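Each remark here refers to the structure printed beneath this line.
Numbering (the working numbering), first residue to last: 290 to 585.
In structure tokens, the structure reads:
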């Protein structure tokens, strides 16, 4: 079920002398099944934007449609919307409160009025989707590592069976190993379920590796909206708004500037490896051909 934003603006403190424009005339279409990266510097409007998608915040002007229905129309069921568009806040483990992991994950679906059997089935499936082993199900969530707590928090949203999963800086505060584990699990979840994922992040390397589409926010407006390769071609413009291309992109540009015939629009380590391997393979082939000619 797609989400459509039509000229959406949001002003904090509207009609006061302290008014601050957070979103300006945003128009976007978020179709089913995309993996979207939403990036921008602090204060760019990205967190404000995602809180509009499930009705936690109301637009000052403009309209938001979910499955063709205006979410701010009279009679629209926002409780149902929030079960379909799940939002995982930054540091979601701070919201864990039950005595054990399994009970915590049951909390959301239980409030949907489901049977106990369905609630428990959803909780079990969600915990398996995030890769948490059965041994942890009845431990206190406060005894888990940071990465494990993050998985439990994500499972709590997945147990609602959302069609759209929004993750606001899901790797904040994690070490590199924990960050990679969480993002790999989200990518696997996306592949397995076909769910729409919106990843809010400040890490260009993470976004480039995982997403199909990047939306760049700046001062409440959309600066770029395209596939990663095209967005990162504008690395100089990104730098002017406090962002950048992935580190590997700069390395490949340096290699090209040094005279190596490699592509300079590479955005992931895997792409860089392929480019460099292809260059050395071509170099070896040329040398072998030259030796053959000399021996002849």
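For every residue, glycine included, the Cβ atom is placed at its ideal position computed from N, Cα and C. Since we're looking at a predicted model, the values are computed, not measured.
- Annotation: the continuous beta strand (DSSP E) that includes residue 502 extends over 502-507.
- A direct Cα-to-Cα measurement between residue 406 and residue 531 gives close to 49 angstroms.
- At the C-beta level, residue 415 and residue 447 come within 7 angstroms of one another.
- The alpha-carbon separation between residue 315 and residue 496 amounts to approximately 21 angstroms.
- Among the bridge pairs identified by DSSP, residue 446 is matched with none.
- By the C-beta density criterion, residue 560 is buried, having at least 16 other C-beta atoms within 10 angstroms.
- The C-beta separation of residue 520 from residue 503 comes to about 4 angstroms, placing the pair in contact by the 8 angstroms criterion.
- Under the DSSP assignment, residue 347 falls outside any alpha helix (DSSP H); it carries neither an H nor an E label.
- Counting other Cβ atoms within 10 Å of its Cβ, residue 440 reaches 16 or more and is therefore classed as buried.
- Per DSSP, the unbroken beta strand (DSSP E) holding residue 457 starts and ends at 453-457.
- Non-local beta-carbon contacts of residue 308 in its own chain, meaning distances under 6 angstroms to residues more than five positions away in sequence, involve 300 and 302 in chain order.
- Look at residue 424 here: in three-state DSSP terms it is helix.
- The C-alpha of residue 323 lies about 25 angstroms from the C-alpha of residue 436.
- Rounded to whole angstroms, the Cβ separation of residue 325 and residue 500 is 6 angstroms, and the two are in contact under 8 angstroms.
- Under the 10 Å beta carbon count, residue 429 is surrounded by fewer than 16 other beta carbons and is classified as exposed.
- In this chain, the beta strand (DSSP E) harbouring residue 309 covers 309-319.
- Boundaries of the alpha helix (DSSP H) around residue 520: 517-521.
- For residue 393, the uninterrupted alpha helix (DSSP H) run begins and ends at 390-399, by DSSP.
- Distances from the CA of residue 341 to each of 305, 385, 573 and 296 were compared; the closest alpha carbon is that of 296.
- Residue 527 and residue 510 have their C-alpha atoms spaced approximately 14 angstroms apart.
- 7 angstroms or more divides the Cβ of residue 566 from the Cβ of residue 538.
- Across the structure, residue 454 and residue 579 are spaced so that their CA atoms are roughly 56 angstroms apart.
- In the three-state reduction of the DSSP assignment, residue 299 falls in the strand class, which pools E and B.
- Excluding sequence positions up to five before and after residue 564, its CB lies within less than 8 angstroms of the CB of 541, 551, 552 and 555, all in the same chain and listed in chain order.
- Non-local beta-carbon contacts of residue 396 in its own chain, meaning distances under 7 angstroms to residues more than five positions away in sequence, involve 387 and 445 in chain order.
- Residue range 324-328 is occupied by the beta strand (DSSP E) that includes residue 326.
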